[in-house]
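Residue 7 is where the sequence shown starts when you use the working numbering, and the numbers rise one by one after that.
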Amino acid sequence: MVPSQSRQPRAKGEAARQRILDAAVEIAGERGYDGTSISLISDRSGLPASSIYWQFRDKDDLIASVIERSFEHWIEVLREPLPDTEALSAEEFFRFMMRRTRDVLGHSGDLMRLGLTLILERRPEELTARTKFIEARRATTVRLHDFYRFTFAGLGSEDLDWLVTMTMSLTEGAFISHELGEIDFPATMDRVADAVVGEARRLGRAAELAAAAGVGEGT
């Protein structure tokens, strides 16, 4: 009986925490970091400010937790079991994973808006939330590099780094253009996949030519 009773407050506390995070990500996506306040989060979540401060030190700590939770959710979705993809070539599998990533990003608009806004800001005192988003972005580039090492086997680390940079830049640019109403995000992300595959092929041909030239010089 005692363990059951002790679990109830923890469960209620976790439920309250999730309500606060849900409200915070909505408001931050709508208003940005500076436009987000504990008062607004309190109104949206239906919980008093005292409950918010019980869970989080301040707004910066709360927004950092929003980013961390959203990134963890994104990783969990990408780790979900895949359908039968064994018959796909490496490039086909890459396109499949790009579509999956595209769909996840399409449901992470609030996080992307907030993160890209934070990443462009420069303040005398670094925000924990900004640091958290930069860390999440770096972790994404590492995961992408590992994925490209498998997908574009034969390319060197420098070429893979360039493909990762290209992918991140085009994806973030596409998201911004989509927010401005200029493009269709899913269709554009398919074109981004085309561009990355095309560049990978070009880099592969260049590497083969360089290797052949090296062999020719050595004979």
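We treat Cβ as the ideally placed atom computed from N, Cα and C, and that holds for glycine.
Tell me whether residue i counts as near the ligand ADP, meaning its Cβ is closer than 8 Å to at least one heavy atom of that ligand.
i, result
"Arg25", "In terms of ligand content, the structure shown is empty, and the ligand ADP therefore cannot be addressed."
Give me, in chain order, the residues of the same chain whose beta-carbon lies closer than 6 Å to that of residue i; leave out the 5 immediate sequence neighbours on both sides.
i, result
"Trp168", "none"
"Leu133", "Asp66"
"Leu111", "none"
"Ala216", "none"
"Met118", "Phe181"
"Ala29", "Ile47, Arg50, Ser51"
"Phe100", "Thr157"
"Arg136", "Leu124"
Over the uninterrupted alpha helix (DSSP H) stretch that includes residue i, give me the two end residues.
i, result
"Thr157", "134 to 157"
"Tyr59", "55 to 61"
"Arg50", "44 to 51"
"Gly112", "96 to 112"
"Ile182", "163 to 185"
Residue i by DSSP, collapsed to three states: which one?
i, result
"Arg128", "coil"
"Arg85", "coil"
"Gly115", "helix"
"Ala93", "coil"
"Gly220", "helix"
"Ile189", "coil"
"Ala212", "helix"
"Met7", "Confidence at Met7 is low in this model, with a pLDDT of 47, below 50, so its placement is unreliable and the value that follows should be read with caution. Correct three-state label for Met7: coil."
"Asp226", "Outside the displayed span of the chain (7 to 225) sits residue 226, for which this structure offers no information."
"Gly204", "helix"
What does a CB cutoff of less than 8 Å around residue i pick up in its chain, not counting 5 residues either side in sequence?
i, result
"Val198", "Met104, Thr173, Leu176, Thr177, Ala180"
"Phe156", "Ala96"
"Ile58", "Ile26, Ile44, Ile47, Ser48, Ser51, Leu68"
Below 7 Å CB to CB, which residues in the same chain sit around residue i once its five sequence neighbours on both sides are set aside?
i, result
"Glu32", "Arg50, Asp116"
"Val202", "Leu169, Met172, Thr173"
Under 8 Å by Cβ, that's how I've got residue i and residue j pegged, so tell me the actual separation to the nearest angstrom.
i, j, result
"Ala142", "Ile73", "6 Å"
"Leu120", "Gly35", "6 Å"
Are the C-beta of residue i and some C-beta of chain D separated by less than 9 Å?
i, result
"Gly179", "In the structure shown, chain D cannot be found, because there is only a single protein chain."
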